[in-house]
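**Student:** Residue numbers (the numbering used here), protein chains in the order written: chain A, 6 to 227; chain B, 17 to 401. In this text, a Cβ means the ideal position worked out from N, Cα and C, and glycines have one as well. Could you have a look at this structure, given as structure tokens, before my questions?
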């Protein structure tokens, strides 16, 4: 059974103002990802990878086409309903970590729990899971990039999501930190989560069960 | 982690901005509280003073204006005057006890002072004064003075001291025990002496009167008007007209307080709009990890409300402190009607509740638009900003 399915996704960004540039970011992308899969989306910068990921996560609406999560067409849902869906089923990890700067590592995870529908574990356990128990009271600025990304992974797990969506999770990390993060991702995959990663990291792509390459807004056969 | 903890973390993250915004609403609220409590204080002082007159009603020059009526209540000089004959005519009416006053403002020991010419014997039996020290007048025309206790204190005068009024030396003969009225702030001299010093021979300022039965006031008034061309006002009437003036002073003060609050409201709007702009990316992150619009709306509104709540409390404390210090200064200079206001601005629980409530309401209203702006951002436009 596919947990994620897209049908002919199109996304056109219309610029505003006099010299507006219109960008055709996606041109009819259809894919299916089964439950528990580890899928990678690869491709060059500016070819539509992140756009595809954002549409799958319901952060944005497509210009045309549909996105199904568990057979539910999320393009028909309101903004709030999509937020609710994310709170229930999806965990996000971003390239630039995107932690809340004024909160500690623990509080960042706890904040995500405010919205979580099914909190399986407490925030301390999640930090332990990514090996950061001793950094619970550190603010993001006091953490290394790798540590911040692990906090972001702990945060993404706050709602025990079925799906983890990661946008270049190792993109801003040195190779050792990238390695650590990769290990965590694989661990999560083994625990049964469906993982979709946009990446430039070949190691990561090689370990994936499915690889989608996006080129000029379309999927190429790979 | 809960909403309040989340919001308070945001509130204190920019300490300088937090402090200045809080200062804005606090100053607004402080002026609101100070002006209102000073206004309320004025009213209670005037009431107290009117009671201190010890009369049921006053007989004043015809067509006396309301400011002069107020001057009588507060013990000031009035510009119009009555002929002494009026006293002679009115005192013969049955059931009315009446005493004349000639009040004049002058400088004594380089301080503005009220000198009142009285008939010693009649005034003593009318007012039932007691003396704190020294003696009372023995004759109707001696060059001596009996002074109120505050008058003595503020000018460091004692029995036996000499006071010069318009070149005339007067010996302080006695000091009155505290009356809690204007008498405490007045220097009394025999009427004939006052008339001579101030070139008012044959004149008085007004008469205060007591009657046996207040229900027959109309009758007495008719009797008085049949013998003299004067204006009669009961103590309550007088109080009412004075309070109506204070009412308009109060509205002016409230208007000033209102302007201060509006300025504070714009301060909050500005701070919150800046916060929304600064935190666009965070708003996007919160949306991405499942935060609904309502959460963002509530968190920004609560943040704004906390400014009002904290500002209200600081404002009330500062406002009362200001009114405590300002009241005596205002007395001395601007509103002489307030002379003798005790420095204790009453802490009115109702005013405190209203002040904090108003502050909270203003801050929540100010937060509505910024909170709406925050909630309206889509995750993508917020994250990509």
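Which of helix, strand or coil does DSSP assign to residue 308 of chain B?
**Tutor:** Three-state DSSP puts residue 308 of chain B in coil, outside helix and strand.
**Student:** Going along chain A, which residues have a C-beta under 7 Å from residue 404 of chain B?
**Tutor:** Since the first residue of chain B shown is 17 and the last is 401, residue 404 of chain B is not available in this structure.
**Student:** Could you work out which residues of chain B lie near residue 32 of chain A, taking near to mean beta carbons separated by less than 9 Å?
**Tutor:** Residues of chain B passing the Cβ test: none, with the nearest at roughly 19 Å.
**Student:** Assign residue 155 of chain B to one of two classes, buried (16 or more other C-beta atoms within 10 Å of its C-beta) or exposed (fewer than that).
**Tutor:** Looking at its Cβ environment, which holds fewer than 16 other Cβ atoms inside 10 Å, residue 155 of chain B is exposed.
**Student:** Quick one: residues in its chain with C-beta nearer than 6 Å to the C-beta of residue 145 of chain A, no 5 flanking neighbours on either side, listed in chain order?
**Tutor:** Excluding sequence neighbours, residue 145 of chain A sits near 104, 106 and 153.
**Student:** Cutting at 7 Å between CB atoms, please list the residues of its own chain near residue 261 of chain B, excluding the five before and the five after it.
**Tutor:** Only 82 and 86 meet the Cβ criterion.
**Student:** Hey, would you say residue 37 of chain B sits closer than 7 Å to residue 323 of chain B, going by beta carbons?
**Tutor:** It is a contact, given that the beta carbons lie within the stated cut-off.
**Student:** Report the neighbours of residue 29 of chain B on chain A: residues whose CB is nearer than 9 Å to its CB, in chain order.
**Tutor:** Simply 106 and 107.
**Student:** By DSSP, does residue 35 of chain A sit in helix, in strand, or in coil?
**Tutor:** Strand.
**Student:** Using a cut-off of 8 Å between C-beta atoms, extract the partners of residue 25 of chain B located in chain A.
**Tutor:** Under the 8 Å cutoff, chain A gives 107, 108 and 112.
**Student:** Kindly list, in the order they appear in chain A, the residues whose Cβ is closer than 7 Å to that of residue 303 of chain B.
**Tutor:** Correct list: 88.
**Student:** Output the distance between the C-alpha atoms of residue 55 of chain A and residue 331 of chain B, rounded to the nearest integer angstrom.
**Tutor:** Going from the Cα of residue 55 of chain A to the Cα of residue 331 of chain B covers about 51 Å.
**Student:** Based on DSSP bridge pairs, tell me the residues matched to residue 71 of chain A.
**Tutor:** Residue 71 of chain A pairs with A/12.
**Student:** According to DSSP, what are the bridge partners of residue 161 of chain B?
**Tutor:** Residue 161 of chain B is bridged to B/188.
**Student:** Please state whether DSSP places residue 205 of chain A in a helix, a strand or coil.
**Tutor:** Coil at residue 205 of chain A, not helix or strand.
**Student:** Short of 7 Å in beta carbon distance, which residues of its chain neighbour residue 209 of chain A, apart from the five on each side in sequence? Order them along the chain.
**Tutor:** If we look at residue 209 of chain A and ignore the five residues flanking it on each side, its Cβ neighbours are 45, 175, 187 and 202.
**Student:** Using the C-alpha atoms, what's the distance from residue 320 of chain B back to residue 383 of chain B?
**Tutor:** Roughly 5 Å between the two C-alpha positions.
**Student:** Is there a Cβ of chain A sitting closer than 7 Å to that of residue 392 of chain B, yes or no?
**Tutor:** Not one chain A Cβ lies under 7 Å of residue 392 of chain B.
**Student:** Check each residue of the stretch 232-264 of chain B: if its Cβ is closer than 9 Å to any Cβ of chain A, include it; give the result in chain order.
**Tutor:** So nothing in the stretch comes that close.
**Student:** Thinking C-alpha only, which one of B/280, B/95, B/317 and B/328 is nearest residue 292 of chain B?
**Tutor:** Ranking B/280, B/95, B/317 and B/328 by Cα distance to residue 292 of chain B puts B/317 first.
**Student:** In terms of DSSP beta bridges, what is residue 45 of chain A paired with?
**Tutor:** According to DSSP, residue 45 of chain A bridges with A/202 and A/216.
**Student:** Taking the alpha helix (DSSP H) that residue 231 of chain A belongs to, which residues open and close that run?
**Tutor:** This structure does not reach residue 231 of chain A, given that chain A is present from 6 up to 227, and the question cannot be answered.
**Student:** Counting along the chain, where does the alpha helix (DSSP H) carrying residue 290 of chain B start and finish?
**Tutor:** Run containing residue 290 of chain B: 251-294, per the alpha helix (DSSP H) assignment.
**Student:** Are the stretch 166-178 of chain B and the stretch 94-108 of chain B in contact at 8 Å, needing three or more beta carbon pairs?
**Tutor:** Too few Cβ pairs lie closer than 8 Å, so no.
**Student:** By how many angstroms is the C-alpha of residue 9 of chain A removed from the C-alpha of residue 192 of chain A?
**Tutor:** One C-alpha to the other measures close to 21 Å.
**Student:** Helix, strand or coil: which one does DSSP assign to residue 17 of chain B?
**Tutor:** Three-state DSSP puts residue 17 of chain B in coil, outside helix and strand.
**Student:** With a threshold of 7 Å between beta carbons, is residue 80 of chain A in contact with chain B?
**Tutor:** No, residue 80 of chain A does not count as interfacial toward chain B.
**Student:** When burial is assigned at 16 or more other CB atoms within 10 Å of the CB, is residue 147 of chain A buried or exposed?
**Tutor:** The residue is exposed, with fewer than 16 neighbouring Cβ atoms inside 10 Å.
**Student:** On the premise that residue 115 of chain A lies in contact with residue 17 of chain B, defined as a C-beta separation below 8 Å, what is that separation, rounded to the nearest angstrom?
**Tutor:** Confirmed, Cβ separation roughly 3 Å.
**Student:** For residue 173 of chain A, which residues from the same chain have a beta carbon less than 7 Å from its beta carbon, with the 5 sequence-adjacent residues on both sides left out?
**Tutor:** Within the same chain, residue 173 of chain A has close Cβ partners 100, 203, 204 and 205.
**Student:** Considering only residues of the same chain and omitting the five flanking positions on each side of residue 26 of chain A, which have a CB-CB separation below 8 Å?
**Tutor:** Correct list, in chain order: 20.
**Student:** If the cut-off is 7 Å on Cβ atoms, which residues from the stretch 278-304 of chain B count as contacting chain A, listed in chain order?
**Tutor:** Cβ contacts with chain A come from 298, 301, 303 and 304.
**Student:** List, in chain order, every chain B residue whose beta-carbon is nearer than 9 Å to that of residue 118 of chain A.
**Tutor:** Within chain B, the residues near residue 118 of chain A are 17.
**Student:** Between the stretch 158-171 of chain A and chain B, which residues of the former have CB atoms less than 8 Å from a CB of the latter, in chain order?
**Tutor:** Listed in sequence order: 160, 161, 163 and 164.
**Student:** So the candidates are B/196, B/281, B/95 and B/341; which of them puts its Cα closest to the Cα of residue 328 of chain B?
**Tutor:** The shortest C-alpha separation from residue 328 of chain B is found at B/281.
**Student:** Using alpha carbons as the reference points, say which of B/47, B/59, B/75 and B/285 lies closest to residue 248 of chain B.
**Tutor:** Selected option, being the one with the closest Cα: B/75.
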